[in-house]
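Undergrad:
In this note's numbering, the protein residues as written are 7 to 727.
1. Note down, in chain order, each residue of its chain lying with its Cβ closer than 6 Å to the Cβ of residue 561, except the 5 sequence neighbours on either side.
2. Could you name the residues of the same chain whose beta carbon sits closer than 8 Å to that of residue 347, not counting the 5 residues immediately before and after it, in chain order?
3. Can you check whether the CB of residue 688 is closer than 7 Å to the CB of residue 674?
4. To the nearest angstrom, report how far apart residue 714 and residue 695 are at their CA atoms.
5. Helix, strand or coil for residue 18? Go by DSSP, reduced to three states.
6. Quick check on residue 137: buried or exposed, where buried means 16 or more other Cβ atoms within 10 Å of its Cβ?
7. Please name the residue in 572, 559, 254, 375 whose C-alpha comes closest to that of residue 601.
8. On a Cα-Cα basis, can you pick out the residue from 72, 681, 294 that is closest to residue 668?
9. Going straight from the alpha carbon of residue 704 to that of residue 712, what length do you get?
10. Can you tell me whether residue 639 is buried or exposed, with buried defined as 16 or more other CB within 10 angstroms of its CB?
11. Short check: CB of residue 170 to CB of residue 71, under 7 Å?
12. Kindly indicate which residue of 54, 549, 44, 358 has the alpha-carbon position closest to the one of residue 398.
13. By DSSP, does residue 12 sit in helix, in strand, or in coil?
14. Identify the residues that DSSP records as bridge partners of residue 683: which are they?
15. Which residues mark the beginning and the end of the beta strand (DSSP E) in which residue 624 is found?
16. So what does DSSP say about residue 282, is it helix, strand or coil?
17. I want to know whether the stretch 445-453 touches the stretch 376-396 - three or more CB-CB distances under 8 Å.
18. Give me the Cβ distance between residue 530 and residue 625, rounded to the nearest whole Å; I'm assuming they're in contact under 8 Å.
19. I'd like to know whether the C-beta atoms of residue 81 and residue 150 end up nearer to each other than 7 Å.
20. With DSSP as the reference, label residue 706 as helix, strand or coil.
21. Determine whether the Cβ of residue 17 lies closer than 7 Å to any Cβ atom of chain D.
22. Could you round the C-beta distance between residue 210 and residue 230 to whole angstroms and report it? I think they count as a contact, below 8 Å.
23. What are the start and end residues of the beta strand (DSSP E) that includes residue 515?
24. Buried or exposed, going by whether 16 or more other CB atoms sit within 10 Å of the CB of residue 342?
25. Taking 7 Å as the cut-off, decide whether the C-beta atoms of residue 300 and residue 249 are in contact.
26. What ranges does the beta strand (DSSP E) occupy inside the stretch 79-109, keeping only unbroken runs of at least 3 residues that lie completely in it?
27. Take residue 551 as the anchor and find which of 472, 315, 642, 607 has the nearest alpha-carbon.
28. Determine, using beta-carbon pairs with one atom in the stretch 81-100 and one in the stretch 57-66, whether at least three such pairs fall under 8 Å.
29. Can you tell me whether residue 222 is buried or exposed? The criterion is at least 16 other CB atoms within 10 Å of its CB, across all chains shown.
30. What does the Cβ neighbour count give for residue 49, buried or exposed, with the cut at 16 atoms within 10 Å?
31. Name, in chain order, the residues that DSSP records as bridge partners for residue 145.
32. So, do the stretch 486-497 and the stretch 454-472 have three or more beta carbon pairs nearer to each other than 8 Å?
Spelled out as structure tokens, the structure:
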């Protein structure tokens, strides 16, 4: 059974971005707390929520609770030994006057009553109730406006609903709000009184948070659609040491009756101000789920905290881990939990690295020389970047990819991964042969030959690239070799893996970094260019609008066409930009040691699937992504993503962006029109740089420009020859 997440909305979260971020995590209910939301604002709040999500809404009542009114300055300090007057709200509170509501509660106070205010911050004892009600301050502290109070030694008789609650129910009926939470339910009669006021289909969640609620829990459950244990208010009524045991008992009763039971308060309290939970908090969440809770409620964490979406993400991750545990049927639990990251394509990260072997193994078998592009494919197959591929494609797999953009078993995969033999190669291999693949006279891998086949290059280029024009760099590369191909699984020699550059990461390593950073939702970015402002806009917009944990900038550092930026200069510029202009601990850059194939939409989807293997569950797709010249329509990549449909990694699409001289930022469109738009031209930027000129700041940050110009002055590798 899936456990539910109920999120309280408040000042931190009643905005478009946070509502969308929480909805994207599939939270189950948005809670509006009537103790803090004015009735006259409810329509506006509901309209905002419904404009940006389909998550159901719950009005949570004030209920039968004694609360403070308003204080001058919002809170005051009450000193031990002082005497204060207790008055009816809305009188304004001061250091010698404490307003309380509802009014009927104030008149029930008796001499000797002990009143705890603001979560035990202040303790009062009533010393007189005529002609005015006065109390002695037993323990000093601050009292805030609209804070809960409890009379420790006297059960007040309060109506189940306040005037505010009754007014809110009218809004609930008019707006078809599906859930109503009854605070401080003390008996079945309380629940029935609400049932009489709402529609038959309205779901009533009764909150057990008082001594009477605990005493009558069973009858409350029988009258309710669900119950909610509010541990915060409950801890005023029962001793703190008793709360865990009361929680377990109520959950047990609800489970036996088949009534959904939720638990609230203080699950991730530290995350109101901190990005990460404490270990005790994580333990509390999991133990509550193991007790049998059907859902958890985030209160201050999402209502007033600094990290509402991150809090919900932590709860979702812990629930996923709990679900995995229950599916093991109580079997021994592994020390390493299932990753919070998206699974690799096909569900398993391929590992074809052969450890403990050096190049001498190549002396025992026939050899086949390979160029740098094949070498890079071998490396990526070996470390799992091309999962689920374990080697080079045979003719049947190639046909499936060309015809359907899928592997034969149905996995989305649009790009051929081929071992194409050189024109000068006259060696003949047979299925079953073991062949050493050699680059620059060094053995790099072992190929277990499955098939040797030929393919008409003109037909292949048209089906692959959409053209056989030799001016197309992908077509030119294809025609530079023979029409003969080898297929089969490979084993990468680990000695070759150790020769990679320091800034390159394997999928295992990138995933380890994301886990260490506690990232779960990661957006990948593929590029052949140095850092510039347009790409920075895409990256940070995706990061912010989708409430993601991190950004993985993964530029191609393998062979590219003449005039492209070199891998080294790309890495230098991005390292500088991330250090100086990106949010702290939100971006990681690593080189992607592969080669550009210039295959338009096919390559766009391929680059996304590879980033899924690296641990990304989102991927930025720009206009004319991985395109070259005008061979592909600007939206061709988007169309292929949508056509395939079931790609696990989620694309984030951007249209054409430009710099608006009026808005002073990058936009996809604005009211100022083309007159004030500055188009982005990589060709022009290269021209500026090669001539030693500084591109405008709106296009490229000055710090990045200086890195490139300095490298050019030194004669360093800035552009591919």
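Every residue gets a Cβ at the ideal spot worked out from N, C-alpha and C, and that includes glycine.
TA: Taking the coordinates as given:
1. Here residue 561 refers to the residue found at position 555 when the chain shown is read from its first residue. Same-chain partners within the cutoff: 533, 576.
2. One-based indexing of the chain shown puts residue 347 at position 341. Same-chain partners within the cutoff: 517, 520, 521, 525, 526, 528, 621, 623.
3. Walking along the chain shown from the start, residue 674 turns up at place 668. Walking along the chain shown from the start, residue 688 turns up at place 682. No, the pair does not count as a contact, with Cβ atoms beyond the cut-off.
4. As a position in the chain shown, residue 714 is number 708, starting the count at 1. As a position in the chain shown, residue 695 is number 689, starting the count at 1. Approximately 8 Å, taken between the alpha carbons.
5. Numbered from its first residue, the chain shown carries residue 18 at position 12. It is coil, neither helix nor strand.
6. By one-based count along the chain shown, residue 137 stands at place 131. By the neighbour-count definition (other C-beta atoms within 10 Å, threshold 16), residue 137 is an exposed residue.
7. Position 595 of the chain shown, counting from 1, holds the residue named residue 601. With distances taken between CA atoms, residue 601 lies nearest to 572 out of 572, 559, 254, 375.
8. Locating residue 668 in the chain shown gives position 662, where the first residue counts as 1. The residue with the shortest Cα to Cα distance from residue 668 is 681.
9. Counting from 1 along the chain shown, the entry for residue 704 is found at position 698. Counting from 1 along the chain shown, the entry for residue 712 is found at position 706. Roughly 15 Å separates the two Cα atoms.
10. As a position in the chain shown, residue 639 is number 633, starting the count at 1. Residue 639 is exposed by the Cβ-count criterion.
11. In the chain shown, residue 170 corresponds to position 164, counting from 1. In the chain shown, residue 71 corresponds to position 65, counting from 1. Result no, Cβ atoms of residue 170 and residue 71 do not sit closer than 7 Å.
12. Indexing the chain shown from 1 puts residue 398 at position 392. Checking every option, the nearest Cα to that of residue 398 belongs to 358.
13. Sequence index remark: in the chain shown, residue 12 carries index 6 (1-based). Reduced to three states, the DSSP call for residue 12 is strand.
14. Numbered from 1 along the chain shown, position 677 holds the residue referred to as residue 683. According to DSSP, which records beta bridges pairwise, residue 683 is partnered with 666.
15. The residue labelled residue 624 in the question sits at position 618 within the chain shown. DSSP places residue 624 in the uninterrupted beta strand (DSSP E) bounded by 624-627.
16. Counted from its first residue, the chain shown places residue 282 at position 276. Residue 282 falls in the coil class under three-state DSSP.
17. Taking 8 Å as the limit for Cβ pairs, the verdict is that the stretch 376-396 does touch the stretch 445-453.
18. Taking the first residue of the chain shown as 1, we reach residue 530 at position 524. Taking the first residue of the chain shown as 1, we reach residue 625 at position 619. Taking a contact as a CB-CB distance under 8 Å, the pair residue 530 and residue 625 counts as one, their CB atoms being some 5 Å apart.
19. Numbered from its first residue, the chain shown carries residue 81 at position 75. Numbered from its first residue, the chain shown carries residue 150 at position 144. Taking the C-beta atoms as reference points, residue 150 is found nearer than 7 Å to residue 81.
20. Sequence index remark: in the chain shown, residue 706 carries index 700 (1-based). It is coil, neither helix nor strand.
21. Included in the structure is just one protein chain, with no chain D present.
22. Position 204 of the chain shown holds residue 210. Position 224 of the chain shown holds residue 230. Indeed they touch by this definition, with Cβ atoms about 5 Å apart.
23. As a working mapping, residue 515 is identified with position 509 in the chain shown. Segment 513-522 is the alpha helix (DSSP H) holding residue 515; no beta strand (DSSP E) there.
24. On the chain shown, position 336 is the one that residue 342 refers to. Confidence at residue 342 is low in this model, with a pLDDT of 49, below 50, so its placement is unreliable and the value that follows should be read with caution. Looking at its Cβ environment, which holds fewer than 16 other Cβ atoms inside 10 Å, residue 342 is exposed.
25. Residue numbering aside, residue 300 sits at position 294 when the chain shown is read from its first letter. Residue numbering aside, residue 249 sits at position 243 when the chain shown is read from its first letter. Their beta carbons are not under 7 Å apart, which means residue 300 does not touch residue 249 by this criterion.
26. Here the runs fully enclosed are 81-84, 89-94, 103-107.
27. Looking up residue 551 in the chain shown gives position 545. Looking only at 472, 315, 642, 607, the smallest Cα-Cα distance to residue 551 is reached by 315.
28. Between the stretch 81-100 and the stretch 57-66, the count of C-beta pairs closer than 8 Å stays below three; the two stretches do not touch.
29. On the chain shown, position 216 is the one that residue 222 refers to. Under this definition residue 222 is a buried residue.
30. In the chain shown, counting from the first residue as 1, residue 49 sits at position 43. Around the beta-carbon of residue 49, fewer than 16 other beta-carbon atoms lie within 10 Å, marking it exposed.
31. Along the chain shown, one-based indexing puts residue 145 at 139. DSSP output for residue 145 lists 129 as bridge partner(s).
32. Under the Cβ criterion (8 Å, minimum of three pairs), the stretch 486-497 counts as touching the stretch 454-472.
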